[in-house]
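Encoded as structure tokens, the structure appears first; notes follow it.
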Amino acid sequence: MSPESKKLFNIIILGVAFMFMFTAFQTCGNVAQTVIRSLNNTDFHGSGYTSMAIIYGVFSASNLITPSVVTIVGPQLSMFASGLFYSMYIAVFIQPFPWSFYTASVFIGIAAAVLWTAQGNCLTINSDEHTIGRNSGIFWALLQSSLFFGNLYIYFAWQGKTQISESDRRTVFIALTVISLVGTVLFFLIRKPDSENVLGEDESSDDQDMEVNESAQNNLTKAVDAFKKSFKLCVTKEMLLLSITTAYTGLELTFFSGVYGTCIGAINKFGAEEKSLIGLSGIFIGIGEILGGSLFGLLSKNNRFGRNPVVLLGILVHFMAFYLIFLNMPGDAPIAPIEGTDSSAYIRSSKEVAILCSFLLGLGDSCFNTQLLSILGFLYSEDSAPAFAIFKFVQSICAAVAFFYSNYLLLHWQLLVMVIFGFSGTISFFTVEWEAAAFVARGSDYQSI
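When we follow this note's numbering, the leftmost residue of the sequence shown carries the number 518, and every step to the right adds one.
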């Protein structure tokens, strides 16, 4: 197998492994609040929004140390260990208790930080400046296929149900746990790429001959250096500007992955289909994500206009979705009680419009995330682990804040917050992209543009 084929194989395995893991986890997140509302009739008392806020809060704090962890352990083993914790979190729903539910939320927050830093590192070392856009698109399309498969099952299994029984819950979460474990094992198929032409690979072959004690000391030095680079990198002009865009992706991630499905499931006017529509919504979010990732991955080879047009398309698509959701959904849908809401929206609530908005949310999200992955791999090829750790730190802390306020804010206020951050994040991305070529030509010396 040629070096280029090996790197492409690694990207595909990386995407497929994430597809299995996140088929389980994203389906779990999409239905968690609905399942917990049913559980709250029993001795269990908890909140899916609170759990997600804990996950993303711990996630954001853990990103401060993950570059050091990935440097010492390596991306492959880091992703495998993280996958085990993802599976543990999903398994908690088979027989949930409040203490195990919230404890698992803490552990998966740490695991997620390690997983995504290792993923960014793996993506970068298997890419070069010509393939980073293509590989980002391939990975994103495979990852977001996860939204399709899990939610397809939810749609058919929960059709016509207004409450989720214990048997239904156990069947779903046993299956999701097994799927997550399959994805975790797949990380062992990733091969070490050849050293030449690898983006960000600067180690000499002499490192292979170091003594064990010297290697351990070198790893410790690398870990400390990675920690220092993370702090140095986060105050550069480029990263500060991209952090605004990243903050927006955290807010809209919370909205489409947790809040929007809950809104659909709370609208009593949708009748007996309201619970199965959560699954259908997830499917169409996934279709939008897959279409965007595939399209932008293919176009990246011959894209003479840079990343800005894709991000512009993303914000326009999202603004259209937000406006339709504002008209189509009652304001109290995110915080409705277990009985649901009978409140009226500005127009008669339509299932078709709700599902169209799901597609638009997924398409817009893929626009932003594929281009952020691409520009980070392009700008910070020498220090991919710290760069992706900062990306996930900002994204996750904003997602945690959004999950927290989702317990209290009416729908139109949540939409307004996303509109403000979306507009600001688009402008800041444009600024970095316009100067990206000059930044790389000058060298990644962490100076301002």
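Cβ atoms here follow ideal geometry from the backbone N, Cα and C, with glycine treated the same way.
Counterpart residues of residue i in DSSP-defined beta bridges
i      : result
THR858 : ILE784
Check whether residue i and residue j have beta carbons under 8 Å apart
i       : j      : result
GLY810  : THR887 : yes
LEU808  : MET935 : no
GLY778  : ILE800 : no
TYR670  : GLY942 : no
VAL834  : LEU889 : no
GLN543  : SER774 : yes
MET596  : PHE704 : yes
THR634  : VAL590 : no
GLY637  : ALA917 : no
THR694  : ALA629 : no
PHE610  : SER568 : no
SER577  : PHE910 : yes
LYS524  : ASN643 : yes
ASN580  : ALA871 : no
GLY700  : ALA534 : yes
GLU806  : ILE892 : no
ILE696  : LEU531 : no
ILE655  : ILE528 : yes
LEU750  : GLN912 : no
MET858  : ASN785 : It should be pointed out that residue 858 corresponds to Thr in this sequence rather than to Met. Yes, these two residues count as a Cβ contact at 8 Å.
MET837  : SER866 : no
GLY879  : ILE804 : yes
PRO615  : HIS562 : yes
VAL702  : SER923 : no
LYS868  : PHE772 : no
ARG651  : VAL552 : no
SER663  : MET536 : yes
LEU928  : PRO851 : yes
ILE864  : LEU844 : yes
VAL1003 : PHE813 : Nothing can be reported for residue 1003, as the shown portion of the chain is limited to 518 through 966.
SER653  : GLY894 : yes
PHE947  : ASN825 : yes
Expected contact under 8 Å - CB spacing of residue i and residue j to nearest Å
i      : j      : result
ALA549 : GLY565 : 4 Å
SER875 : SER793 : Not quite, the Cβ-Cβ distance comes to about 13 Å (not below 8 Å), so this is no contact.
SER860 : ASP849 : 5 Å
CYS639 : PRO592 : 4 Å
GLN612 : SER883 : With 8 Å as the limit, GLN612 and SER883 do not qualify as a contact, their Cβ atoms being about 36 Å apart.
MET518 : TYR603 : That belief does not hold up - the Cβ atoms of MET518 and TYR603 are roughly 30 Å apart, past 8 Å.
THR641 : SER898 : 6 Å
ALA570 : PHE885 : Contact flag wrong, Cβ pair sits at about 22 Å.
### Query
Quick one: complete alpha helix (DSSP H) runs, 4+ long, within the stretch 568-635?
583-590, 592-609, all fully within the stretch 568-635.
### Three or more C-beta pairs below 8 Å linking the stretch 618-638 and the stretch 780-787
The stretch 618-638 makes no contact with the stretch 780-787: fewer than 3 CB pairs, one atom from each, lie closer than 8 Å.
#### Entry: Stretch-stretch touch, CB-based, cutoff 8 Å, three pairs: the stretch 752-759 with the stretch 831-845
Flag = no, the stretch 752-759 and the stretch 831-845 do not touch.
#### Entry: Segments assigned alpha helix (DSSP H), at least 4 residues, entirely inside the stretch 884-940
Listed in chain order, they are 901-922.
### Task
Give, in chain order, every unbroken run of the alpha helix (DSSP H) that is at least 4 residues long and sits entirely within the stretch 748-777.
With a minimum length of 4 residues, the continuous alpha helix (DSSP H) runs that stay inside the stretch 748-777 are 754-771.
### Task
Taking only runs that begin and end inside the stretch 824-868, name each unbroken alpha helix (DSSP H) of 4 or more residues, in chain order.
The DSSP assignment places complete alpha helix (DSSP H) segments of no fewer than 4 residues inside the stretch 824-868 at 825-845, in order along the chain.
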